[in-house]
C-alpha cells in the first residue's frame, strides 16, 4: 500500500469489526486486524490505542459535534430538546450514512456481547449527557431543565440509533431521530 | 447485642457509609465496618457479599418495586411516563424518607469519587430502564414508546434524586419527582 496508506483508519475499522463479529472481541488480535486490512501493526497503533478504541474512538468527536450543533440550534431559538434533536439529525446526515449502517450494526453486536464493552458504552452515553447538560446551562437553560433535556436527547439518540441499525434500512437515521423525538413528546404526555 | 442483632443490616450500612465518607471506600475494611456497627464480620457477610454491595444491595428491590408500581399505575389508566412517575413517588414516600437523606447523600458522594462505583451506578440505572421498558411492552406499550418512556422515567428519578440530596432538605422526594416530571414535559416541548 506504500506509505500513504489511503483510508487506513477506515480499513482497520472495517477489518476489526468483521473479525470481532466472526471470532469474538477477545479472540481477535491487533496483528490479525492489521493483516486483514493489508496494513502493519504499527499503522494500527498510529490510529488506535488498542482494540477497544476501534469501537469507541469516534465518541469524542461525536460528543463535540453534538455540543456545537446544539449550541447553534439554541442560538436559532429552538427549545433545549429540539436543539439537541436538530444537532443529532445534522450529525446523522453527515456521519451515519447508509453505508455506515452495516458497520454500526456489527459494532453494536460486539458491544452487546461483552459486559466490559457495554459498560464502556454506558460511560460514553453518560459523558454525552453530561457535556450536553453543561452546554445547555452555559447557554441559559437552567436546571433541572438542562439535565433533563440532555438525558432526553441521549435517550432519543440511543433509541433511534437502535431502530436504525435493526430496522429495514431504507430510512435515513435523521428521519428516525425526528420521529423518535415526536414519540418522546407523546409518551411524556406533555 | 446477642444473637438477634436488631437492625444489623441498617447499622452495618450506616457504619459503612460513614467510614467510606471519612476514610475512603478503598481504605475501609469489612472488619472496621463490623466493629463500628458493634457486630462481627460474620454478621456483615450474612447481609452483604462485599463492601460494594452495601452501596448497591437495595437496587434489586428498588427495581422490582418500580416495575410493580408502574404496572399497577398503567392498569389504572395512566400514560407510560405518568405511570413510572406515580410508582417513583410511592417508593419515595415509603423508602426515601427524610431520615434516609443524609445516608443517601453520603452514598452518592462515595460513588461520585470512585470510577468503578460510578460505572456500577450507570449499570444499575440501565438495568432499571431495561426492566421498565420490558414491563411496559408486556402491558401494551409498543416500541419505541416503551423504551423512551423507560429512559425518561429513569432520567426523572436520577435528576430528582440528585436535587433531593443536594437541596435544602425540607421537601419530600415525591414532591421533587412530580415537579421534575413536569419540567421534563416542558423541555421536550410537547
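Residue numbers (the working numbering), protein chains in the order written: chain A, 1 to 190; chain B, 1001 to 1190. Beta carbons: idealized from backbone N, C-alpha and C, even for Gly.
Just to make sure I have the definition right: I need the residues of chain B whose C-beta is within less than 9 Å of the C-beta of residue i. Which are they?
| i | result |
| --- | --- |
| residue 173 (chain A) | In chain order: nothing, as chain B lies at least about 13 Å away. |
| residue 145 (chain A) | 1183, 1184, 1186, 1187 |
| residue 151 (chain A) | 1151, 1152, 1154, 1155, 1156, 1158, 1159, 1184 |
| residue 103 (chain A) | The premise fails here: residue 103 (chain A) is roughly 22 Å from chain B at the closest Cβ pair, so nothing lies under 9 Å. |
Name, please, each residue of chain B whose Cβ falls closer than 7 Å to the Cβ of residue i.
| i | result |
| --- | --- |
| residue 168 (chain A) | Result: empty, since nearest Cβ-Cβ is about 15 Å, beyond 7 Å. |
| residue 199 (chain A) | Look at the range of chain A in this structure, 1 to 190, and you will see that residue 199 (chain A) is not part of it. |
Spatial neighbours of residue i within its chain, please: CB distance less than 8 Å, with the 5 preceding and 5 following residues excluded, ordered by chain position.
| i | result |
| --- | --- |
| residue 1171 (chain B) | 1164 |
| residue 1040 (chain B) | 1034 |
| residue 167 (chain A) | 176 |
Which same chain residues end up closer than 6 Å to residue i when comparing Cβ atoms and leaving out the 5 residues on each side of it in sequence?
| i | result |
| --- | --- |
| residue 114 (chain A) | 25 |
| residue 89 (chain A) | 174, 177 |
| residue 93 (chain A) | 174 |
| residue 154 (chain A) | 125, 128, 129 |
| residue 1112 (chain B) | none |
| residue 103 (chain A) | 17 |
| residue 96 (chain A) | 173 |
| residue 1006 (chain B) | none |
Leaving out five residues on either side along the sequence, give the residues of the same chain with a beta carbon under 7 Å from the beta carbon of residue i.
| i | result |
| --- | --- |
| residue 160 (chain A) | 173, 176, 177, 180 |
| residue 1087 (chain B) | 1066, 1069, 1070, 1073 |
| residue 1057 (chain B) | 1048 |
| residue 107 (chain A) | 17, 55 |
| residue 1044 (chain B) | 1012, 1030, 1033, 1034 |
| residue 151 (chain A) | 129 |
Specify the secondary structure class of residue i as computed by DSSP and reduced to three states.
| i | result |
| --- | --- |
| residue 167 (chain A) | coil |
| residue 75 (chain A) | helix |
| residue 1002 (chain B) | Model confidence at residue 1002 (chain B) stands at a pLDDT of 46, short of 50, so the residue's coordinates are unreliable; what they give is reported in the following sentence. In the structure shown, residue 1002 (chain B) sits in coil (DSSP, three-state: anything other than H, G, I, E or B). |
| residue 1068 (chain B) | helix |
| residue 25 (chain A) | coil |
| residue 180 (chain A) | helix |
Could you give the C-beta distance for residue i and residue j, rounded to a whole number, given that I count them as a contact under 8 Å?
| i | j | result |
| --- | --- | --- |
| residue 1081 (chain B) | residue 1149 (chain B) | 5 Å |
| residue 187 (chain A) | residue 1145 (chain B) | 5 Å |
| residue 1019 (chain B) | residue 1036 (chain B) | 6 Å |
| residue 123 (chain A) | residue 1122 (chain B) | 7 Å |
Name the chain A residues whose beta carbon is nearer than 8 Å to that of residue i?
| i | result |
| --- | --- |
| residue 1066 (chain B) | Correct list: empty, because the minimum Cβ distance to chain A is about 17 Å. |
| residue 1180 (chain B) | 144, 148 |
Strictly below 7 Å CB to CB, what residues from chain A border residue i?
| i | result |
| --- | --- |
| residue 1061 (chain B) | Ordered by position in chain A, no residue passes the 7 Å Cβ test against residue 1061 (chain B), which lies about 22 Å from the chain. |
Contact residues within the segment 1116–1143 of chain B, judged by C-beta distance below 7 Å to chain A: 1119, 1122, 1123, 1126
Near-chain B residues of the segment 70–100 of chain A (beta-carbon distance less than 7 Å), N- to C-terminal order: 79, 80, 81, 82
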